[in-house]
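J.: In the numbering used here, the protein residues as written are 795 to 1445.
Handing you this structure, nothing more for now.
Shown next as structure tokens:
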């Protein structure tokens, strides 16, 4: 057996190195360190803009085609409506979100503050479900569209025919590999891809405009066809407003813009409480990206509608999902078209980077704090693996079909934007900003209409979003149950009176009595003391301290425990605690007393009447239930050494 020992040692060392590497990024995205130096670390705002831009700008790969299919000849007018909503609606909303929630939680954090207890947690989990829908479908849809561009390229179409699913899975795996390597590498890649892609699109736009303006019949023919089909300008605008919800994918990118805010470099004197420089950089990011995208959207919808035959936009057509690539091949030749295809494939593939960054920043800020995810969910690399595997599953379910995922993508985007608009409306109203309140309320109505219209048109998006929500809620509650007996108290703080109680009793046997406060009159404490002494066969002369816990918000998982000392009726010493659960508070207090006094404390309970399962549900949902056995179980998990574990007595 001796020769196997070095092998076992080597295997254990390899496992340790793997675990250390997996958890190395624990603080990269999910944990903020307070202080003036930490808040301004990060990247310049324009570099982070490129990270969100790979999502936002990459929609140029398919947005003109979507607009043409939805609006036909009215595509440029419908796109102008989209741009107006973007600049006058989404942009002001998210500039306000950046100000109100500068740590990357976005509008979800703003709405979380409005609700407490379990209804607040369930509401946040629902919004996280839509966020997961938005971000994960961004990864899978963009990779699938990149695969489409590759398969449709005339140079390789015959060799890669019917291989779109395999190619998409490979692209998703490569994206995950980039994030396993490191986040800074992701930003560097994004800057290069966005720069090249926008430059190539500018060339296509200029050439397309030149062909439109130099062909004398193109604009008159389009104008005549519009008038024949719709009659008046008013009718055209009306139809454009009706089809506008189908163009909602052009609004993607704003939520990721605020989700990656923690990576924007701030001013040297920024603090986590007041990251002024980071907020200013985020506003520059949002505004610059929106203006660039708006210009491209208007011009590309115009030139693609006028220069590409209508049949080419339809499913199976040569311009379906790749309108600008069609123009690149048609007017700039096969060589430039192939370069354009490669650039489009690269940015569509990497569009998932901003979504992955958003997920890695958003989820660890909520689920672990709610106790609804394991501790390792705060680390970057394990979460990258989880999200990559989920993206594999979604890609396989939808067979890498871009159109099949469009409804879910649009629904996720619109629900998040609508919730952001509602959040900033409430924030403006609370700040007594009447003008902004009215303006944001109007914007909220517009986005709610757009969301409802999109859901009616494509109900599959809500169904897919509901699956994500159900999955998150189910896994969250299973995790909460699995972690129910953890010691959830982050720290214990005693006031002067409480410290004196502990210091005095440390010279004798430390005996505590758990009491559920009722009338708090003399009879309550006298009778409780007599009952404990009788049940445990203790002399009445023993020295005791009562401990009372008031349950605050039972849905909270981790919290600081503050202990206040009181003397009631001139003789009874009482330690008053406030916590989300009684059992965890008592266990934390016992361990703290043991550590500061060196003595082993004893605590005395009475049995609680009732069904054990019902009592566990009371503990899980309301922080109460059968306190004695749960306190003992929390202590057992927190202190494996039985000899050092505080004693629990039940009479």
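C-beta: ideal position from N, C-alpha, C; glycine also.
#1: Starting from the C-beta of residue 1095, find all residues in its chain whose C-beta is less than 7 Å away, skip the five residues before and the five after it, and write them out in chain order.
#2: For residue 1126, which residues in the same chain have their Cβ closer than 8 Å to its Cβ, ignoring the five residues on either side in sequence?
#3: Under 7 Å Cβ to Cβ from residue 850, same chain only, skipping five residues before and after it: list those, please.
#4: Mapping the DSSP letters down to three states, classify residue 1222 as helix, strand or coil.
#5: CA-CA distance, residue 1373 and residue 1400?
#6: Short check: CB of residue 1092 to CB of residue 988, under 8 Å?
#7: Are at least three pairs of beta-carbons, each pair with one atom in the region 885–895 and one in the region 1116–1131, less than 8 Å apart?
#8: Under 7 Å Cβ to Cβ from residue 1427, same chain only, skipping five residues before and after it: list those, please.
#9: Check whether the Cβ atoms of residue 1306 and residue 1342 sit closer than 8 Å, and answer yes or no.
#10: For residue 1236 and residue 1312, what's the separation of their Cα atoms in angstroms?
#11: If you count every other CB in all the chains shown that lies within 10 Å of the CB of residue 1075, and 16 or more means buried, which is it?
#12: So does the region 1247–1264 actually touch the region 1295–1302, counting three or more Cβ pairs closer than 8 Å?
#13: Report the residue from 1249, 966, 1425, 1150 whose alpha carbon sits nearest the alpha carbon of residue 1444.
#14: Specify the secondary structure class of residue 852 as computed by DSSP and reduced to three states.
#15: Are there 16 or more other CB atoms within 10 angstroms of the CB of residue 913, so buried, or fewer, so exposed?
#16: Below 8 Å, can you find three or more Cβ-Cβ pairs linking the region 1259–1271 to the region 1325–1344?
#17: Can you tell me where the alpha helix (DSSP H) holding residue 1274 begins and where it ends?
#18: Report the option in 1099, 845, 894, 1037 whose CA atom is closest to the CA atom of residue 1225.
#19: Which same chain residues end up closer than 7 Å to residue 939 when comparing Cβ atoms and leaving out the 5 residues on each side of it in sequence?
#20: Apply the 10 Å Cβ neighbour rule to residue 915 and answer buried if 16 or more other Cβ atoms are within range, or exposed otherwise.
#21: Over what stretch of residues does the beta strand (DSSP E) that includes residue 1340 continue unbroken?
#22: Cα-Cα, which of 1383, 1391, 1392 is closest to residue 1442?
#23: Would you grab the beta carbon distance between residue 1131 and residue 1119 for me? Rounded to a whole angstrom, and I think it's under 8 Å.
#24: DSSP has residue 1357 in a bridge; who is on the other side?
#25: At what residue ranges does the region 873–909 contain a whole run of the alpha helix (DSSP H), taking only runs of 4 or more?
#26: Could you name the residues of the same chain whose beta carbon sits closer than 7 Å to that of residue 1366, not counting the 5 residues immediately before and after it, in chain order?
#27: From what residue to what residue does the alpha helix (DSSP H) around residue 1308 run?
#28: Measuring CB atoms only, is the region 1012–1031 touching the region 1183–1193, in the sense that at least three cross pairs come out at less than 8 Å?
#29: Could you check how far apart the C-beta atoms of residue 944 and residue 1139 are, in whole angstroms? I think they sit under 8 Å.
#30: Less than 8 Å between the CB atoms is what I'm expecting for residue 875 and residue 1034, so what's the real figure, rounded?
#31: Once you ignore the five residues that flank residue 1207 on each side, which residues in its own chain have a CB closer than 8 Å to its CB?
#32: Would you be able to state if there are at least three C-beta pairs under 8 Å between the region 1059–1070 and the region 1216–1233?
#33: Would DSSP call residue 1279 helix, strand or coil?
#34: If you follow the alpha helix (DSSP H) that residue 1107 is part of, which residue opens it and which one closes it?
#35: Where residue 1378 and residue 1432 are concerned, what is the direct C-alpha to C-alpha distance, given to the nearest angstrom?
#36: Give a yes or no on whether the C-beta atoms belonging to residue 845 and residue 1151 are separated by under 8 Å.
T.: Put simply:
#1: Position 301 of the chain shown, counting from 1, holds the residue named residue 1095. Excluding residues within five positions, the ones whose Cβ falls inside 7 Å are 858, 861, 869, 870, 873.
#2: To locate residue 1126, count along the chain shown from 1; it is residue 332. Taken in chain order, the residues that qualify are 997, 998, 1001, 1134.
#3: Locating residue 850 in the chain shown gives position 56, where the first residue counts as 1. Once the five neighbours on either side are set aside, the close Cβ partners of residue 850 are 1046, 1047, 1083, 1087.
#4: What you label residue 1222 is simply residue 428 of the chain shown in a count that begins at 1. Taken through DSSP and simplified to helix, strand or coil, residue 1222 comes out as helix.
#5: In the chain shown, residue 1373 corresponds to position 579, counting from 1. In the chain shown, residue 1400 corresponds to position 606, counting from 1. Distance between the alpha carbons of residue 1373 and residue 1400 is about 20 Å.
#6: Against the chain shown, residue 1092 aligns to sequence position 298. Against the chain shown, residue 988 aligns to sequence position 194. No, Cβ-Cβ distance for residue 1092 and residue 988 is not below 8 Å.
#7: no
#8: Taking the first residue of the chain shown as 1, we reach residue 1427 at position 633. Excluding positions up to five away in sequence, the list reads 1279.
#9: By one-based count along the chain shown, residue 1306 stands at place 512. By one-based count along the chain shown, residue 1342 stands at place 548. Not a contact, by the Cβ cut-off of 8 Å.
#10: On the chain shown, position 442 is the one that residue 1236 refers to. On the chain shown, position 518 is the one that residue 1312 refers to. Rounded to the nearest angstrom, the two C-alpha atoms are 50 Å apart.
#11: For this step, residue 1075 is matched to residue 281 along the chain shown. Burial call: buried.
#12: Cβ pair count under 8 Å is below three, so no.
#13: As a first step, residue 1444 must be located in the chain shown, where it is residue number 650. The option with the nearest alpha carbon to residue 1444 is 1425.
#14: Looking up residue 852 in the chain shown gives position 58. Helix at residue 852.
#15: Here residue 913 refers to the residue found at position 119 when the chain shown is read from its first residue. Per the 10 Å Cβ criterion, exposed.
#16: no
#17: Translated into positions along the chain shown, residue 1274 becomes position 480. Per DSSP, the continuous alpha helix (DSSP H) segment holding residue 1274 begins and ends at 1254–1276.
#18: Mapped onto the chain shown, residue 1225 falls at position 431. Checked all of 1099, 845, 894, 1037; the closest Cα to residue 1225 is 894.
#19: Stepping through the chain shown from its first residue, residue 939 is reached at position 145. Correct list, in chain order: 855, 856, 1115, 1142, 1196.
#20: On the chain shown, residue 915 is found 121 positions in, with the first residue counted as 1. By the 10 Å Cβ count, residue 915 comes out buried.
#21: Working through the chain shown from its first residue, we reach residue 1340 at position 546. Segment 1339–1345, the beta strand (DSSP E) holding residue 1340.
#22: Your numbering for residue 1442 matches position 648 in the chain shown. Among 1383, 1391, 1392, the Cα nearest to that of residue 1442 is on 1383.
#23: Here residue 1131 corresponds to residue number 337 of the chain shown, with the count starting at 1. Here residue 1119 corresponds to residue number 325 of the chain shown, with the count starting at 1. Sure, about 7 Å apart at Cβ, within 8 Å.
#24: Along the chain shown, one-based indexing puts residue 1357 at 563. Per DSSP, 1288, 1371.
#25: Contiguous alpha helix (DSSP H) elements confined to the region 873–909 occur at 885–894, 901–906, taking only those with 4 or more residues.
#26: In the chain shown, counting from the first residue as 1, residue 1366 sits at position 572. Same-chain partners within the cutoff: 1319, 1340.
#27: As a working mapping, residue 1308 is identified with position 514 in the chain shown. Careful: residue 1308 lies outside any alpha helix (DSSP H), inside the beta strand (DSSP E) at 1305–1308.
#28: no
#29: For the purposes of this step, residue 944 is taken as residue 150 along the chain shown, with counting starting at 1. For the purposes of this step, residue 1139 is taken as residue 345 along the chain shown, with counting starting at 1. Rounded, the Cβ-Cβ distance is 5 Å, consistent with contact.
#30: Position 81 of the chain shown, counted from the start, is the residue given in the question as residue 875. Position 240 of the chain shown, counted from the start, is the residue given in the question as residue 1034. Sure, about 5 Å apart at Cβ, within 8 Å.
#31: Within the chain shown, the letter at position 413 stands for residue 1207. Within its own chain, the residues whose Cβ lies closer than 8 Å to the Cβ of residue 1207, once the five positions on either side in sequence are excluded, are 928, 1042, 1043, 1045, 1046, 1049, listed in chain order.
#32: no
#33: Taking the first residue of the chain shown as 1, we reach residue 1279 at position 485. Coil, per DSSP.
#34: Indexing the chain shown from 1 puts residue 1107 at position 313. Counting along the chain, residue 1107 falls outside any alpha helix (DSSP H), and DSSP gives it neither H nor E.
#35: If you number the chain shown from 1, residue 1378 lands on position 584. If you number the chain shown from 1, residue 1432 lands on position 638. The alpha-carbon atoms of residue 1378 and residue 1432 are separated by roughly 10 Å.
#36: Counting from 1 along the chain shown, the entry for residue 845 is found at position 51. Counting from 1 along the chain shown, the entry for residue 1151 is found at position 357. Yes, Cβ-Cβ distance for residue 845 and residue 1151 is below 8 Å.
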